[in-house]
Every structure is written in C-alpha cells, then in structure tokens.
Amino acid sequence: MRAIRRQRLYLLLLMLGGVALAVTFALRSFNENLMYFFSTTDVVDGKAPADTLFRLGGMVVDGSVERPGDGMMVRFDLTDYSKQVTVEYTGILPDLFREGQGIVSKGKLNTEGVFVAEEVLAKHDENYMPPEVAESLKKQHKSTEVQ
Amino acid sequence: MNWQEFFAMGGYGFYVWMSYGISLVVLLINFFLPVIQRKQLLRQLQLKQKRNKQS
Amino acid sequence: MRFYHRMASPPHFYALTEKLMPWISVIFLLMTGYGLYLGLFVAPPDYQQGESYRIIYIHVPAAWMSLFIYVVMAVCGGIALIWRMKLAEVVLISSAPIGASFTFIALVTGSLWGKPMWGTWWVWDARLTSELILLFLYLGVISLYGAIEDRKTAARAVSILAIVGVVNIPIIHYSVEWWNTLHQGPTISLTELDKPSIHVSMLIPLMLMATSFKFLYVMAMFQSARVEIIRREQNSQWVKKMLEERA
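Chains as they are written, first to last, in the numbering used here: chain A, 1 to 147; chain B, 1001 to 1055; chain C, 2001 to 2247.
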C-alpha cells in the first residue's frame, strides 16, 4: 500500500473513532431519556417522577385483572418479579393484553401509589411458535414444577 | 382452508395485506425505475451522437 | 491484481451485470415464490399473535437488509476514499435508494404490525427511533450526491457521510438490549444462532425470504448501477460503440 493510501486509511479510521466516541458520550448522557419506560421496582423505590406522566412496564400478574364497577375500568397488578404496582385504566385494551403478558402503560401515580394509566400498550416477546407447541411446552413446564 | 379465510388472516387481513402490498409496490419501483431511466438516457445519448455527426 | 482491476473496470462490470441478471432473477423468483408459499400457507399461526405475525416474513428481512446495505455502502465509501476506485462509488450511490426503500418498508410494516399487537402505530423507543435515523441517513446520502455538481467531490462527500453514519448500525442492533424498549429483543441472534426463538416451521420461510431479499438487492443495485455507469462514461469509447450498435 502506498504511503498516501495508508495515510487516507488512518485518517478515515481516526474520523470514525472520533464520531463513535462522540456518539457514545452523547448516548450516555441521554441514557435516562432513551429509556422508554420505568420498571415496577423503580416506582416502588421512588425513582419514578411524581406528578408527571411517565411510562411503566411490567408483566400483568396472573389472576390480578379485575373490573370493579360496570364501566370500562380495569384494574390489574404489574410486576417485574420483584415488586408490584397496581394499575387502573379506562379504555380499550390491545389484542395482546392478557394475564402474564408484558405491557407498557403511560400515566401518573396517584396519592395512594396506584398508577392511573391513560394508555396501555402490549409488549410481546421474541418467541414465535405454533399454538400446539406452546401448549406442550406449558405442560412440560408444569410437570417439571410438580417434580 | 378456503380462500376467504386465507384473505381474512384471522381478522388481521388489513394489516397483513397492506404490509405485503406496500412492500411489493416499493420493490417493483426499485427494480423498474432504473430500467426506464437507462432507456431514456440511452435514447438521449443516441440523439446527441446523431447531432454531433451531422454538424 | 490484474483480475481485480479488470473486474473493477466499468465496461467489464456493465457486461457482467447483463450476463448475471437472468440467473439472479430466476433464483430470486423461485426462492420468493417458495418462501411466500411456506410463510403464508404452510407455516402455522403464532401462539400469541395468531395470523398477524405473518408480517414477519417482510418486516424482518427488510430490516436486516436496511442494516446490511448501509454496511455495504460504508465499505464502498472506504474503498472509494482510499483506493479511489470508481466502481465502489457507483455501488455506493446505486445502493442508497434501495437501502432507503428497505428501511421504509421495515418502518411501515412494523407500524402495520404494531397497531394490532402493541396497540399503537408508533412509539419513540430506542429501536424505532434509531431505525428512523437510518432512513434519514439514506436520504441524506441521496440528496447530498444530488446537490453537489462535481462528481468527484460528490462521491467523496457521500463516502464520508456513509462511513460516519455507520456508527448508527450497532446502535440499532443493540438498542433493544441497551435500553428498555417496546420493541422485543432479537428472535435470531448472532451469538445464539443454534437456538433461535422461533419454531423451525416459521424459521425456514423467514430465512428463504431473507435470502431472496439479498438477491433482490443485487438485482436492483445492478439496474441502477448500469444507469450510473452510462451517465459517468457517456464520453468514453465503449459507450459510444454500444450506442452505435444499438442504432
């Protein structure tokens, strides 16, 4: 490789390195804002903002979904398998909303520590399989649990 | 499985077929636009060549 | 080295694209036909998302292509800047609109998938936002090349933009791991290729479609590279000869 070409190569690598470094620092300082949602542990530990809208993510606790009253209001618990937060929501739920499903909701904490949501989005996992396979996996899981 | 069921996609027909339709249109444009552009360009250059020869 | 120079010469590349096109087209059509047949008719519905998950056969291959093509462009940009190779410039600039299209398709199909499943067309999470930035990078390359009159300067400018923009690629890829996002984690990860989180009956059509999109990229890139080559070489002997043969 001729000297001039090597020089160009070094210049390019230097440039790329510089940009990568700048972006890394920028992302680190924006890290908080890039988090799309808070976990339920964050909320229980008081890390989530009070009095402002924020997003809360977690799994819908099995058997926690109830509809108190006769309206559209739904109440359920969210968990990240360590701490739980109760959520209240009035409105249409996405098709994927069900017990055991991960969701992200936007809303505010009220004075009793209940999260009053104005939007509920379902978060699905990266697994894709036929219903029969899911069913047999579930059975397998149960039988190992019994043992 | 009948065709009606197939097109309904379990109630998600709109979303599924819109996805496939939009993708098809965009990809067809990607392939055929440069073919048209090349033909136009070649015609243009041919005209230019003819003019240059005459002058 | 001689072979490399011959391959990289524009007339030779032009002839090569003409020769390869029918073969690539046939492979592409067969693969796409079989992939779509398996994906739309044979593959079972998903246990959670039912039939709606079939958008995956467009969405995921398009998203992969959007990253892949950008990396190709950045590599071409490097080659163009260091070795001043004309063909690399041609491949770079011909790839940009195709990459932009695949990015657009990934965003639109993702939106059409997000509405019924997540409950929203769009969220500003790290994955979706970084993919949108990728679309702007592609559009930036296209408009920068169009804005500069002098070809040499234009090629140099877009090479630099392509190389600098490549830092966005790992950000897109790792966004779902570095930050909490609404978008789920990777189904097929390079570090765990042996155990993808997708059933084999759904994986095979996905891989077929991913491969067929690679062929589609090569086809579309060849087509647009031919226009670019003729435009650049319009005063050269071989183009003049070709024009005479056509007439």
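Note that CB positions come from ideal geometry on N, CA and C, so glycine has one too.
When the Cα atoms are used, Leu1033(B) and Arg1043(B) turn out to be separated by approximately 16 Å. Residue burial is scored here from C-beta neighbours: His141(A) has fewer than 16 other C-beta atoms within 10 angstroms and is therefore classed as exposed.
The residue among Gln84(A), Phe115(A), Gly57(A), Val23(A) with its C-alpha nearest the C-alpha of Val74(A) is Phe115(A).
Taking the beta carbon of Gly2050(C) as reference, the chain B residues within 9 Å of it are Met1009, Gly1010, Gly1011, Tyr1012, listed in sequence order.
Two segments are said to touch when three or more pairs of C-beta atoms, one from each, lie closer than 8 Å; by this definition the segment 2112 to 2124 of chain C touches the segment 92 to 99 of chain A. Contact note: Arg1038(B) reaches chain C through Arg2226, Val2227, Ile2230, using a C-beta cutoff of 7 Å and chain order. CA-CA distance, Met2073(C) to Leu2092(C), rounds to 5 Å. At the C-beta level, Leu2038(C) and Ile2172(C) stay beyond 8 Å of one another. Per the DSSP secondary-structure output, Arg55(A) pairs in a beta bridge with Lys106(A). Under DSSP, the beta-bridge partners assigned to Val60(A) are Leu78(A).
When the Cα atoms are used, Phe2222(C) and Gln2049(C) turn out to be separated by approximately 38 Å.
A straight-line Cα-Cα distance of about 13 Å links Glu119(A) and Met72(A).
For Phe2013(C), there is no enclosing beta strand (DSSP E); the residue is found in the alpha helix (DSSP H) stretching over 2010 to 2037. When Cβ pairs closer than 8 Å are counted between the two stretches, the segment 2080 to 2100 of chain C is seen not to touch the segment 2051 to 2062 of chain C, the count staying below three.
Here DSSP, grouped into helix, strand and coil, assigns Ser39(A) to strand. Chain-order list of chain C residues neighbouring Pro130(A): Ala2043, Pro2044, Pro2045, Asp2046, Tyr2047, His2199, Ser2201, Met2202, by C-beta distance under 9 Å.
Counting every other CB atom within 10 Å of its CB across the protein chains shown gives Glu2228(C) a total of 16 or more, marking it as buried.
For Ala2062(C), the enclosing alpha helix (DSSP H) starts and ends at 2056 to 2083.
Looking at the DSSP output, Lys123(A) sits in a beta bridge with Gly102(A). Here DSSP, grouped into helix, strand and coil, assigns Gln1046(B) to helix. The C-alpha of Asn110(A) is placed about 22 Å away from the C-alpha of Ala122(A). Contact between Phe54(A) and Val104(A) fails: their C-beta atoms lie close to 11 Å from each other, not under 8 Å.
A direct Cα-to-Cα measurement between Lys138(A) and Leu2144(C) gives close to 54 Å.
Any Cβ of chain C closer than 8 Å to the Cβ of Ser1055(B) would place that residue at the interface, and such an atom is absent. Between Gln84(A) and Val61(A), the C-beta spacing is below 8 Å. A direct Cα-Cα distance of roughly 14 Å separates Lys108(A) from Ser39(A).
Taking a contact to require three or more Cβ pairs closer than 8 Å, the segment 1010 to 1025 of chain B and the segment 2099 to 2110 of chain C qualify as touching.
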